[in-house]
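Undergrad:
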Amino acid sequence: MRQPMTYLAVALTACCVVYSGMAQSSVFRNDSIRYGYAGLIAQGGLNLHSAQFGDVPDFWNCSPGFTGTTTVGFQAGLTFETPLQRKSLPLLRSVPDSVLSFIRNPLLTARVIASSGTTRFATPESTRIFLNGEEAEATFNHTLDITRTTITGELFLGEADVWKSLSVHAGIFASYSLSSTFSFKEEIVQPAARGVFPDVNRRTRAEQSGTMQSLRPFGMGASFAIGWQLPLDNTGGMFLRPELTLRQPFWGAFGGAASWSTTQVMLGVSVFHEVAKPDNIIPADQPLPAIKQPLNHPVASWFITPMMLKPTYAVIPMYGLRVLERIAEGNDRPADTIRISGYYEKTVRPLLNYVFFDVLSSEIPQRYKRYATPDEAVSFSMKSLFRTGMLETYYHILNIIAVRMMELPDAKITITGCNMGNETEGGKTDLSRKRAEAVRDYLTGIWKIDETRIKIKARNRPEKASAYGDPDGDEENRRVEITSNIPTLLEPVFTTDTMYIPTPDVLYAQPVLSPDVDARAYSVNLSVDSVLKSTRTDTTMMQAEIELPLNEVMKTIRPTDTELNVEGFYALRNGMTARAQSYPVYLKFNATRHASVRDTAKGKNIEKYSLILFDYDDASYNPSHEGTLALIRSSLTPDADVYVNGYTDRMGEDDYNQRLSDKRARAVAKALGGSKPITSTGLGESIILYNNNTPEGRFYCRTIEVRVEKPTK
């Protein structure tokens, strides 16, 4: 206890020492007609961590120990400041004026600051790994990330005009940790992107995460700050203060032998506005007094005119949000819990064998995933495509083809470059060839594919071109086409994973506003663990509710019990935005996070197959996909339910696309056959599966989806 008391004595002594005799004639006075100044504060700077610990109760590790590090931090909060009479300070009442004559304009400042950040500790260690089938020397890091969310209260005594507009402050702070989590792993760092641990056959091991229980929730320390006052108006009612703050804790974050102490050096800014006493309100029947010299803060020869605010009223507008689940039509209840079940899912993602280019360009667009060096390319694995979306998988097309060519040494490919065939690119077969060569150069330069296995062709428009003269069609014709002598080289990407089905699968948000609120639109955000998952907007305020589908949200969350936060935002007709209080809904998973995939299956197994079977404006069955259809047939059982949905892109009329998608669905249902009736549905462009602003998005919309549901055994 002796050390904290020593720090406290130093802090209190500093509150007096900083009032130096350098002060000039003050423009601050203590006969203030204001309560004080309320404002906002934002700070950013360095967190200097001094640490010495190894084992802690929260996780096991074999690290030789973690030492200090430096991180960048940011924090923001509220502040209040009020001038004081020197004799109002209890510790100084009995001190003669002659002794403390240099204390002329004391200030009392209080702050409440919130911060959240991650501190990474890393300790290197040598080990033996497997590299190209042989043992080799390597270096790996014991990496510990500690994430803390903290709220801090701070109390300062300060002098307003130590020198001109310079203010100096000293005081104490107390902090409370709202949450403390950790993430630990051992990861190979040298050689980069190569080699694996022998015991796990991966580049990482010993991965752990959870709550950091051994950290002290409370902290306390001394604070010191220096700032410069900048007036924002000519009345002393608003001012800005850039300042430098130093915080030193009295004790470390850990108890016992483990030590971790953080010194903060923060550069920030505070913006203050006066809080006036009620007796300063001038009756309407009396003339306004002449403007006098401001009472509490200096006025320079320049100032910023404040924005004129509308008068406030006694009635406080209410911005609320109601979130409901629908039991039946006309029967709603407040949503409090969403129950989530896990289902075993097999997914087939077709591989579009085209790479598209910009106008008159032979450079592969940035959206395609590529590696800069052969060493980086080694990190790519087909397993990394698990739980990725359809287009995210497609953008790895060049890496997928390269990996498969390495696995199939007899495979050869033909790369055919094409152009729009119009007045802009028509006849420029040299451009078509350069596009094909760009793809070849990536495969040979980064993946070291033998150039003799690649054949280059060039032509104008593709053999099966999209609509000529249509902007979307022209964009689709700027491409290279990749074909192979071995069909499996371009086969779909097969993955197995667990999908999560929520009950209910739709929520409904309804606005709750007081009569005086004039809103023109409102939107609703869905977030999990502070990560935005979905946004829905009503731009008219004419409908009574917004529908919130949850299936897409479930694709991006992990199987742990948590909360879904529903937040409402109102766009007012005066141009302002109002935010409603967030509405939490508890997510309850039926499966434990450590269960195997098959153990999490509840009720049924689901298999989904997406097949690009159709060319532009075509509904005829394509025999080239017979292999995938044969795979679907082999998985069918007598008790399986099969659903086939047909889709189109945005090109063409709505009615025509509806009929086209229906023909596509029926063609695949007929090709599948089977003893049990198959449900086929054409959805046209009522549901656009992918972004139609890109040619690949439109191609992937010309598809059918087959969904096979089978009861679990």
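Using the working numbering, the first residue of the sequence shown is number 482, and each one after it goes up by one.
The beta-carbon is built from N, C-alpha and C at its ideal position, and this holds for glycine as well.
Since the structure is predicted, the reported quantities are computational estimates derived from the model, not experimental observations.
1) Can you tell me the Cβ-Cβ gap for Ile937 and Leu924, rounded? I've got them flagged as a contact below 8 Å.
2) Is it right to say Leu748 is buried, meaning 16 or more other beta carbons lie within 10 angstroms of its own, or is it exposed?
3) Measuring CB to CB, does Gln671 end up less than 8 Å from Thr620?
4) If you reduce the DSSP assignment to three classes, tell me which class Lys1151 lands in.
5) Nearest-angstrom Cα distance between Thr1016 and Ser1004?
6) Starting from Thr854, trace the alpha helix (DSSP H) both ways and give me its first and last residue.
7) If you draw a straight line from the alpha carbon of Arg820 to that of Tyr1064, how long is it in whole angstroms?
8) Note down the Cα distance separating Asn682 from Glu615, rounded to an integer number of angstroms.
9) Which word fits Pro1176, buried or exposed, when buried means at least 16 other C-beta atoms lie within 10 angstroms of its C-beta?
10) With distances taken Cα to Cα, identify the nearest neighbour of Thr550 among Arg959, Lys1144, Asn528, Lys1014.
11) Count the other CB atoms within 10 Å of the CB of Leu444; is the residue buried (16 or more) or exposed (fewer)?
12) Could you have a look at Ile1087 and say whether DSSP puts it in helix, strand or coil?
13) Out of curiosity, what's the CA-to-CA distance linking Met901 and Phe1180?
14) Measure from the alpha carbon of Lys909 to the alpha carbon of each residue in Glu918, Ala939, Glu932, then state which is nearest.
15) Could you check the C-alpha separation between Tyr1137 and Val961 for me, to the nearest Å?
16) Going by DSSP, what residue range makes up the beta strand (DSSP E) through Tyr1051?
17) Thinking just about the alpha-carbon of each residue, which of Asp817, Phe678, Asp922, Gly700 is nearest to the one in Thr984?
18) If you check the beta carbons only, do Leu1068 and Leu1045 fall under 8 Å apart?
19) Would you list the one or two residues that DSSP bridges to Val829?
20) Just the C-alpha distance for Ala555 and Gly526, rounded to the nearest angstrom, thanks.
21) Who are the Cβ neighbours of Tyr1128 in its own chain at under 6 Å, not counting the five residues just before and after it?
22) Given Ser656, which residues of its chain have a CB within under 6 Å of its CB, disregarding the five upstream and five downstream residues?
23) Between which two residues does the alpha helix (DSSP H) carrying Ile882 extend?
24) Under DSSP, the alpha helix (DSSP H) around Tyr1171 begins and ends at which residues?
25) Measure how close the beta-carbons of Leu636 and Ile653 come, nearest whole angstrom, since I'm counting them as under 8 Å.
26) Just tell me which of Ile707, Glu1033, Arg728, Asp999 has its CA closest to the CA of Ile982.
27) Residues in the same chain with beta-carbon distance under 7 Å from Ala673, minus the five sequence neighbours each way, listed in chain order, please.
28) Tell me which same chain residues have a C-beta within less than 7 Å of the C-beta of Pro764, skipping the five on either side of it?
29) Have a look at Gly1133 and Phe663 and give me their C-alpha separation to the nearest angstrom.
30) Per DSSP, what kind of secondary structure is Leu638 in: helix, strand or coil?
TA: Reading from the atomic positions:
1) Wrong, their Cβ atoms sit about 12 Å apart, outside the cutoff.
2) Flag for Leu748 reads exposed.
3) The answer is yes: Cβ separation under 8 Å.
4) In the structure shown, Lys1151 sits in a helix (DSSP, three-state: H, G or I).
5) Thr1016 and Ser1004: Cα-Cα distance of roughly 7 Å.
6) Careful: Thr854 lies outside any alpha helix (DSSP H) and carries neither H nor E.
7) When the Cα atoms are used, Arg820 and Tyr1064 turn out to be separated by approximately 17 Å.
8) Their Cα atoms are separated by approximately 13 Å.
9) Answer is buried; the Cβ neighbour count reaches 16.
10) Looking at the Cα atoms, Asn528 is the closest of the given residues.
11) In this structure the chain extends from 482 to 1194, so residue 444 is not present and cannot be described.
12) In the structure shown, Ile1087 sits in a strand (DSSP, three-state: E or B).
13) Spanning the alpha carbons of Met901 and Phe1180 requires a straight line of approximately 16 Å.
14) Comparing Cα positions, the closest option is Ala939.
15) CA-to-CA, the gap between Tyr1137 and Val961 works out to about 29 Å.
16) Looking at the DSSP string, the run of the beta strand (DSSP E) that includes Tyr1051 is 1043 to 1053.
17) For the options Asp817, Phe678, Asp922, Gly700, the alpha carbon positioned closest to that of Thr984 is the one of Asp817.
18) It is a contact, given that the beta carbons lie within the stated cut-off.
19) In DSSP, Val829 forms a bridge with Phe975, Tyr1090.
20) One detail in the question is off: residue 555 reads as Phe in this sequence, not Ala. Approximately 7 Å, taken between the alpha carbons.
21) Excluding residues up to 5 positions away in sequence, Ser1142, Leu1164, Leu1170, Cys1182, Thr1184 lie with their Cβ nearer than 6 Å to the Cβ of Tyr1128 in the same chain.
22) Hits under 6 Å: Thr631, Thr633, Gly700.
23) 878 to 888 is the span of the alpha helix (DSSP H), which, as asked, contains Ile882.
24) In the DSSP assignment, Tyr1171 falls outside any alpha helix (DSSP H), carrying neither H nor E.
25) That belief holds up - the Cβ atoms of Leu636 and Ile653 are roughly 6 Å apart, short of 8 Å.
26) Ranked by Cα distance from Ile982, the first of Ile707, Glu1033, Arg728, Asp999 is Glu1033.
27) So the list reads Asp856, once near-sequence residues are dropped.
28) Note that Pro764 scores 38 on pLDDT, short of 50, meaning its location in the model is unreliable; the coordinates nonetheless yield the value given after this. Excluding positions up to five away in sequence, the list is empty.
29) Cα-Cα distance, rounded: 53 Å.
30) Reduced to three states, the DSSP call for Leu638 is strand.
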